[in-house]
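The structure appears right after this line, and notes come after that.
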Ligand code: DGJ
């Protein structure tokens, strides 16, 4: 990896073994993008890439020899001079003008990577990455802009963000501050996005790009289940195994915008960052604003390679603390077993049985605090309900520890029920507009986390419980979108800052809890997967993927999630049948075969299953303990898409390629058809592997494939709905 500054030609070249990213200082002093793609040689001069033309168009000024921003790829463009595309940022100065032009002043190149104040971001030490910071200035606005680019040594990745600083003596308003803009010189691309809603999150969808804007966004205050803040811009023929693509992942958990805009001159502009809608940020003298980070990755080897880049980068350079690169505990959560209807005795009975099966962690879900016996009351009152927990969380945790299990519990710290002591005491601590009705979601309101005193109060209550209790895990839930976003703690001119300040408040509570209790494993959750994003992974290394625990639906949800997020981050459990959400009944074997490819756990009362099934569960837990490191941290390959076929398959391969595990699943039976073959990936072609007692070379398994009928003798057949198998392949 290296970053070169070529003073004569005025370009920066960031490169590693796989990618080159070249930025030029254009004739108007602003930055132009000269190239982003597969690695190319460094040269003295790339200025020939700049396009100047004599045909009618608006030029920057008379000295610029017909240079127009519109006709050249820009790095971080504004609107109002000669670029007519959607801008990366917009600033309103005191006189009401929104025209800006930041020109190159200086730069620094350093080893490693700095953090972003108050925000999650990837991190790297001196040997892992290099960072270029380019300082630009708009004298007329008394502002500077610093664009940061980090190139990682081992990954085809550039992480970037922007920082605005105001040096004048009055104030300015930033009305748009995206994290990245990437202009590509042609439009022959498709945009892959990950859409859904509650219980059907992150379903891939592909749209052809062309002239005009193709975009997704969130205005829910969370990144959302509707659109994920991760997009792939790919060539039309790119698939999981071949082809070129760019990934863009926003390390942020609030409102966002992501899109691609084709200009009628043939350029494609990719934009990503905080949603400019309802966003304004005031800067007074000496103040700065930093955008969240976007992680851009590139592949010329297909989407499995792109996903593996994100998986490795997030596991090694985003997730922090004790749980970084650690296999995750197998847990039993009581939610679908009891909902809020439990006593300590009932909980201990479930935990005891879980312990007998080999489960390592018991998680007490919603309903243990305040008057929380249904959805209508108690949120905000983080004090144990003595009727349910006579010795509190600490007492229950100790009893569960005595059974040989670790203990964790559920919280929803951002919310309050109107029927709660907290709301009765502080009705102005919620997001609401004076004189207007507040919309309820699951009978709850959103606490105003833009206010420090609110975050402080919640921290204090949680600290009190945690300081005395042996707690190993917390499930942090968030069950409604933000509406009526208005803070009683802010002036009228600051209301545009509240959405973002809310997210900063959430991050600050996470940071304080992590600092005080560094060993706790956090799992984020938001009505299932409503806030599954890279920002959350910085604090909570795993996320409850979906409230839909039906194994067959989960195949699609987990498959879609794997494009942008590591397998070890995907919260996945075996739940009871008929399934709560779909009514579908699937064998306990297939339910586990799906849940293995994630954090793995149980969302049911193991007392309620048959003795035969219980024996099977014991075997499943043994299997997961043996192979979880490989499954959670191996290279993951999507083999067959559940969106295109009646069967789906995926596999993981160890880094040294000596071990692999394949999962194969029938979504729908195919009567009287040949089972065919399943071609594997990622193995070493010359290694002899053993699978189910027979030996095969890697090239045989990858080119010819597994003979699916071989699994018939194990009871698997593709003419049975929801049949599945998981098989281990090991070097002989
Ligand atoms: C929504 C979550 O997604 C569920 O897993 C569960 O924790 C409930 N909330 C509890 O209210």
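Numbering (the working numbering), first residue to last: -8 to 723.
Just so it is clear, CB atoms sit at the ideal spot from N, CA and C, and this is done for glycine as well.
Taking the DSSP output, what are the residues bridged to residue i?
{"i": "residue 355", "result": "400"}
{"i": "residue 668", "result": "698"}
{"i": "residue 638", "result": "657"}
{"i": "residue 295", "result": "Bridge partners of residue 295: none, in fact."}
{"i": "residue 273", "result": "164"}
{"i": "residue 360", "result": "375"}
{"i": "residue 288", "result": "148 and 238"}
{"i": "residue 65", "result": "23"}
{"i": "residue 184", "result": "196"}
{"i": "residue -3", "result": "2"}
{"i": "residue 650", "result": "721"}
{"i": "residue 98", "result": "125"}
{"i": "residue 535", "result": "562"}
{"i": "residue 140", "result": "123 and 151"}
{"i": "residue 323", "result": "353 and 593"}
With a threshold of 16 other CB atoms inside 10 Å of the CB of residue i, please say whether the residue is buried or exposed.
{"i": "residue 118", "result": "exposed"}
{"i": "residue 544", "result": "buried"}
{"i": "residue 516", "result": "buried"}
{"i": "residue 651", "result": "buried"}
{"i": "residue 484", "result": "exposed"}
{"i": "residue 679", "result": "exposed"}
{"i": "residue 737", "result": "Any answer about residue 737 is impossible in this case: the structure gives the chain only from -8 up to 723."}
{"i": "residue 268", "result": "exposed"}
{"i": "residue 471", "result": "buried"}
{"i": "residue 78", "result": "buried"}
{"i": "residue 74", "result": "buried"}
{"i": "residue 574", "result": "exposed"}
{"i": "residue 379", "result": "buried"}
{"i": "residue 666", "result": "buried"}
{"i": "residue 593", "result": "buried"}
{"i": "residue 382", "result": "exposed"}
{"i": "residue 496", "result": "buried"}
{"i": "residue 370", "result": "buried"}
{"i": "residue 599", "result": "exposed"}
{"i": "residue 279", "result": "exposed"}
Of the choices the options, whose alpha-carbon is the least far from that of residue i?
{"i": "residue 183", "options": "717, 663, 212 and 230", "result": "230"}
{"i": "residue 460", "options": "416, 430 and 389", "result": "389"}
{"i": "residue 176", "options": "24, 530, 20 and 14", "result": "24"}
{"i": "residue 185", "options": "193, 344 and 654", "result": "193"}
{"i": "residue 170", "options": "243, 11 and 102", "result": "243"}
{"i": "residue 80", "options": "87, 72, 73 and 67", "result": "67"}
{"i": "residue 160", "options": "200, 123, 179 and 277", "result": "277"}
{"i": "residue 480", "options": "445, 631 and 393", "result": "445"}
{"i": "residue 300", "options": "716, 628 and 664", "result": "628"}
{"i": "residue 519", "options": "302, 123 and 327", "result": "327"}
{"i": "residue 110", "options": "666, 227 and 525", "result": "525"}
{"i": "residue 126", "options": "96, 134 and 141", "result": "96"}
{"i": "residue 708", "options": "718, 684 and 660", "result": "660"}
{"i": "residue 285", "options": "272, 309, 43 and 270", "result": "309"}
{"i": "residue 727", "options": "636, 591 and 630", "result": "Residue 727 lies beyond the stretch modelled for the chain, which goes from -8 to 723, so this question has no answer here."}
{"i": "residue 226", "options": "213, 178, 264 and 70", "result": "178"}
{"i": "residue 384", "options": "360, 371 and 370", "result": "360"}
{"i": "residue 6", "options": "128, 133, 146 and 69", "result": "146"}
{"i": "residue 22", "options": "124, 141, 105 and 615", "result": "124"}
{"i": "residue 88", "options": "467, 140, 163 and 11", "result": "163"}
{"i": "residue 338", "options": "219, 302 and 396", "result": "396"}
{"i": "residue 722", "options": "108, 234, 713 and 675", "result": "675"}
{"i": "residue 567", "options": "154, 581, 214 and 58", "result": "581"}
{"i": "residue 457", "options": "271, 514 and 374", "result": "374"}
{"i": "residue 391", "options": "537, 353, 430 and 463", "result": "353"}
Comparing the C-beta of residue i with each C-beta of chain D, is any distance below 8 Å?
{"i": "residue 20", "result": "In the structure shown, chain D does not exist; there is a single protein chain."}
Who sits around the ligand DGJ, taking every residue whose Cβ is closer than 6 Å to one of its heavy atoms?
Residues with a Cβ closer than 6 Å to any heavy atom of the ligand DGJ, in chain order: 326, 356, 357, 401, 468, 470, 516, 518, 519, 535 and 538.
Evaluate the contact criterion for the stretch 314 to 325 versus the stretch 283 to 300: three or more CB pairs, one atom per stretch, below 8 Å.
Contact between the stretch 314 to 325 and the stretch 283 to 300 is absent, because fewer than three Cβ pairs lie under 8 Å.
Validate contact between the stretch 497 to 508 and the stretch 533 to 550 using beta carbons, cut 8 Å, 3 pairs:
Using a C-beta cut-off of 8 Å, the stretch 497 to 508 makes no contact with the stretch 533 to 550, since fewer than three inter-stretch Cβ pairs fall below that distance.
Counting pairs of beta carbons, one from the stretch 362 to 371 and one from the stretch 342 to 350, are three or more of them closer than 8 Å?
Taking 8 Å as the limit for Cβ pairs, the verdict is that the stretch 342 to 350 does not touch the stretch 362 to 371.
Kindly confirm or deny that the stretch 243 to 262 and the stretch 27 to 34 touch, where touching means at least three C-beta pairs closer than 8 Å.
Look at the beta carbons and you see the stretch 243 to 262 not touching the stretch 27 to 34: under three pairs across the two are nearer than 8 Å.
contact_flag[the stretch 583 to 593, the stretch 608 to 615] where n(CB pairs < 8 Å) is 3 or more
Touching, yes.
Would the stretch 282 to 290 count as touching the stretch 557 to 567 if we require 3 or more Cβ pairs under 8 Å?
Cβ pair count under 8 Å is below three, so no.
Please determine if the stretch 246 to 260 and the stretch 190 to 204 are in contact, where contact requires at least 3 C-beta pairs separated by less than 8 Å.
In this structure the stretch 246 to 260 touches the stretch 190 to 204; the number of beta carbon pairs closer than 8 Å is three or more.
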